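Here the structure is laid out as structure tokens; the discussion comes afterwards.
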Amino acid sequence: MTVKENILVPGLAGIPAAESAVSYIDGQAGVLEYRGIPIEALAEHSTFEEVAWLLLNGRLPTQAELDEFEAKLIANRTLPQGVLDTIASLPGDGHPMAALQVGYAALGMHSPDVNALDPGQRQEAIARLIAATPTLVAAFARSRAGMDFVAPDPTLSTAANFLWMLNGEKPEDLVGRVLDVALILHADHTMNASTFTARVVASTESDPYSVCASAIGSLKGPLHGGANERVLIQLEKIGSVDAVEGWLDQQISAKGKIMGFGHRVYKTKDPRSTNLQLLAREMFETFGSTPMYDIALKLEDAVVARLGQKGIYPNVDFFSGIVYQKMGIPTDVFTPIFAIARVAGWLSHWDEQMNDNRLFRPGQIFTGTHGARYVPISER
Ligand code: CMC
911 MTVKENILVP GLAGIPAAES AVSYIDGQAG VLEYRGIPIE ALAEHSTFEE VAWLLLNGRL
971 PTQAELDEFE AKLIANRTLP QGVLDTIASL PGDGHPMAAL QVGYAALGMH SPDVNALDPG
1031 QRQEAIARLI AATPTLVAAF ARSRAGMDFV APDPTLSTAA NFLWMLNGEK PEDLVGRVLD
1091 VALILHADHT MNASTFTARV VASTESDPYS VCASAIGSLK GPLHGGANER VLIQLEKIGS
1151 VDAVEGWLDQ QISAKGKIMG FGHRVYKTKD PRSTNLQLLA REMFETFGST PMYDIALKLE
1211 DAVVARLGQK GIYPNVDFFS GIVYQKMGIP TDVFTPIFAI ARVAGWLSHW DEQMNDNRLF
1271 RPGQIFTGTH GARYVPISER
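Each number in my numbering comes from the position in the sequence shown (counting from 1) with 910 added on.
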């Protein structure tokens, strides 16, 4: 294929970077599908484990296939002691996403080498990484609070076991299921920044621990997954329903971003946001509402009235933090929860990339000078 030279598309907006069959978005219609199945059907009927298998394999598993995959995940939840020691040595005031990056690197150092070109070795590594991620997140959250690690419980789902390892208490069924659905909603999302990062690193035939650690660095940013913790901080700063309009006026006139709104692809409400709002409502009906939800509803109305004509609507990060806050999860653990889910997507893309790999090595439009003279330091 010939590429037109000297045409730069900032942010590669709308430029395909790979062929992929993992997920699909129609940004005008607000459609998201995993392997062709609408996200709403998966949120209603599926589990995170089944969705991970679907993303990885391209079809829904049989009961025997799902049982085998779940058993493999359960067997891989326990971290090597050396990894736990590394996590325990990290500064407690560091960000949990940085701890997760360290955790992936440490896990790679304590695990067998992976030949990225070997499909069998890839499958083993994929199960190890999906299973280890919640344990890494919970381990750092506890160690920084001076608490002992909680061993994984093999009878619990990925979502419920994460809450168990985080809090040392078994979650109520509804809470476990709400987190399970939140993980389903975050598991993949086409060529977003962290998935692109993962595919770029994968294309060098690097190892999957580096693929995931790099993707974490990308997900952490406030324009990507890091928006979810900032949404809560923003709602807390607004403080009350009555303060919403004034805060928004100021934000718009200062050309500030409203966190949890806008998307490169969606020009209508993100379907994941709609689903997360339903989960928030379910939590509040059972456990009581929170003032943050009322502020959020008012902010949604006000932003859509002012910026809806520019295609700015709530994205996935808008309601997720409100749901996690109701579960008692610390604000800076919201983005790591995104990672617990998205690692299934990153690794599906890793596998897809390695099945038909070509090194990512884009061009550039050079804006510098040529033939500049080297000036000795004594003459500068
Ligand atoms: N608040 C205010 N204005 C916005 C927002 C927002 N949240 N999002 C876009 N705009 C405006 C932007 O100022 C620009 O206006 P103008 O044309 O007048 O200069 C126009 O809309 C286009 O914005 P852009 O930033 O060039 O568009 P993009 O496709 O690069 O942005 C985005 C996508 C997600 C980076 C952006 O919407 C944003 O920064 N949102 C806030 C952060 C956020 O919530 N991120 C989570 C994204 S979804 C989950 C995920 O990927 O992790």
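Built from N, CA and C at the ideal position, the CB exists for glycine as well.
All values reported here derive from a predicted model rather than from experimental measurement.
Considering only L1217, L1093, T1184, P1201, the residue with the shortest C-alpha distance to E959 is L1093. Runs of alpha helix (DSSP H) with 4 or more residues, each lying fully within the region 1035-1117, are found at 1068-1077, 1083-1096, 1103-1112, listed in chain order. Residue pairing from DSSP places E943 in a beta bridge opposite Y934, P948. Pairwise C-beta distances place the region 1101-1121 out of contact with the region 991-1001, as fewer than three of them are shorter than 8 Å.
Excluding residues up to 5 positions away in sequence, P1224 lie with their Cβ nearer than 6 Å to the Cβ of E1210 in the same chain. Under the DSSP definition of a beta bridge, F1171 partners with P1224. Going by DSSP, F1194 is part of the alpha helix (DSSP H) stretching over 1181-1197. Note on M1019: under 16 other CB atoms within 10 angstroms of its CB, so exposed under the neighbour-count rule. When rounded, the separation of the alpha-carbon atoms in V1091 and A953 is 5 Å. Segment contact: the region 1003-1022 against the region 1093-1107, fewer than three CB-CB distances shorter than 8 Å; contact not assigned. Runs of the alpha helix (DSSP H) lying entirely within the region 996-1028, each at least 4 residues long, are 1006-1019 in chain order. Going by beta carbons, I1148 and I1205 fall inside the 8 Å limit. In this structure, L1095 lies near V1226, with their beta-carbon atoms less than 8 Å apart. For N1138, the enclosing alpha helix (DSSP H) has its first and last residue at 1137-1148. Around the C-beta of I925, fewer than 16 other C-beta atoms lie within 10 Å, and the residue is accordingly described as exposed. Taking non-hydrogen atoms of the ligand CMC into account, the C-beta of A1137 is found less than 7 Å away from one of them. Following the DSSP letters along the chain, one finds K1177 in no alpha helix (DSSP H), marked with neither H nor E. Closer than 7 Å to some heavy atom of the ligand CMC: that describes the Cβ of G1172. Here E1192 really is in contact with V1088; their C-beta atoms are around 7 Å apart, less than 8 Å.
Spatial neighbours of M1264 in its own chain (CB-CB distance under 7 Å, excluding positions within 5 residues in sequence) are listed in chain order as A1026, L1027, R1032, A1112. Check the Cα spacing between R969 and each of R1290, N1267, S1258: the tightest is with S1258. DSSP, read as helix, strand or coil, puts G1255 in helix.
Between the ligand CMC and N1071, a heavy atom-to-CB distance of less than 7 Å is absent. Beta-carbon to beta-carbon, A1249 and T1043 are separated by about 6 Å, close enough to satisfy the 8 Å threshold. Residue nearest to V1233 within the set L989, F1194, G1221 is F1194 (criterion: CA-CA distance).
Around the beta carbon of P1064, fewer than 16 other beta carbons lie within 10 angstroms, which makes this residue exposed. For D977, the uninterrupted alpha helix (DSSP H) segment begins and ends at 973-985. For N1225, the shortest separation between its Cβ and any heavy atom of the ligand CMC lies below 7 Å. Looking at A1048, V1060, G1255, the one whose alpha-carbon comes closest to that of D1242 is A1048.
Remark: the shortest separation between the CB of K1147 and any heavy atom of the ligand CMC does not fall under 7 Å. F1171 and H1280 have their alpha carbons spaced roughly 43 Å apart. Looking at G1030, N1138, Y1119, P920, the one whose alpha-carbon comes closest to that of G1231 is N1138. Between the ligand CMC and the CB of P1132, the shortest heavy atom gap is smaller than 7 Å.
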